[in-house]
Amino acid sequence: MSDLERKWYVIKTISGQENKVKSYIENEVRDNGFQEHIGKVLVPIEKVIQMRKGKKIHREKVHYPGYVMVEANLEGEAVHAIKNVPGVITFLSEGKGGSAIPMRTEEVNKMLGKIDQLSEESYENITIPFVVGETIKVIDGPFSGFNGTIEKINEEKRKLELAVLIFGRRTPLELNFTQIEKI
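The numbers in full-length UniProt numbering rise by one with no breaks, and the one at position 55 of the sequence shown is 55.
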């Protein structure tokens, strides 16, 4: 069978076991000769920076927790092989017990583009998870523990301006993305 007959499907998994499910499926393909039925298996990840005890920690975070994408031709034993993998709940489908729905071409291109983009980007080019007007918590620096409202985001400098209430007065602050967290 050719790659043209394969489509991308989404598998619901137990959250936190995405990479385990991926390696189980890859082993299943290798051990049982499903190469013509099952192609790539992807767990979209993004790189994030977190502050822990004043230090920047780089780590990878699953972009869609509880989901694994698989390129497959769902005929014969391949479907059962995937469904019987430990940690797999089911294929994303229409209604309960329905047949698996393939992803639309534009969704696949967006997903593949996003994965390539996320893996190629350096840690410095992470998308900004904050929006103007959002209330956040300061986790680093002299104002640690204070809550503030984002007033301005400067993507180039990777800083944002926020207003913190100190003794009932609004005080403007400029902080790095790594010095704050969502509430």
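Even glycine gets a Cβ: it sits at the ideal position worked out from N, Cα and C.
Item, Value
"Does the pairing of the region 70–86 with the region 33–41 give three or more beta-carbon distances under 8 Å?", "yes"
"Quick check on Glu60: buried or exposed, where buried means 16 or more other Cβ atoms within 10 Å of its Cβ?", "exposed"
"So Arg170 is in the beta strand (DSSP E); what residue range does that whole segment cover?", "Arg169 to Asn176"
"According to DSSP, is Lys96 helix, strand or coil?", "coil"
"Please state whether DSSP places Lys157 in a helix, a strand or coil.", "coil"
"For Leu175, does the count of other Cβ atoms within 10 angstroms reach 16, so buried, or fall short, so exposed?", "buried"
"Taking the alpha carbon of Asp140 as the point to measure from, which residue in Val62, Phe177 and Arg169 has its own alpha carbon closest?", "Phe177"
"Please go through the UniProt domain \"NusG-like N-terminal\" (5–115) and give each complete alpha helix (DSSP H) segment of 4 or more residues, from N-terminal end onward.", "18–32 and 77–83"
"Given a threshold of 16 other Cβ atoms within 10 Å of its Cβ, counted over all protein chains shown, does Val10 qualify as buried or as exposed?", "buried"
"Inspect the beta-carbon positions of Gly72 and Arg30 and report whether they are closer than 8 Å.", "A small correction: the amino acid at residue 72 is Ala; Gly does not occupy that position in the sequence shown. No. Outside cutoff."
"On the DSSP bridge list, what partners appear for Val164?", "Gly148 and Thr171"
"Considering Glu181, what are the terminal residues of the beta strand (DSSP E) in which it resides?", "Ile180 to Lys182"
"Counting pairs of beta carbons, one from the region 41–53 and one from the region 15–29, are three or more of them closer than 8 Å?", "yes"
"Report yes if the C-beta distance between Ile45 and His63 is below 8 Å; otherwise report no.", "yes"
"Going by beta carbon distance, what residues of the same chain come within less than 7 Å of Glu26, once the five residues before and after it are set aside?", "Val41"
"Whose C-beta lies closer than 6 Å to the C-beta of Ile14 among residues of the same chain, with five residues either side of it excluded?", "Gly87"
"Does DSSP put residue 196 in a helix, a strand or coil?", "The shown model of the chain, from 1 to 183, leaves out residue 196, and the question about it has no answer."
"Am I right that Ile153 and Ile180 are in contact with their C-beta atoms under 8 Å? What's the rounded C-beta distance?", "Contact doesn't hold; Cβ gap of about 11 Å is too wide."
"Between Gly148 and Val132, how many whole angstroms is the CB-CB distance? I'm expecting something under 8 Å.", "No, Gly148 and Val132 are not in contact; Cβ-Cβ is about 12 Å, not under 8 Å."
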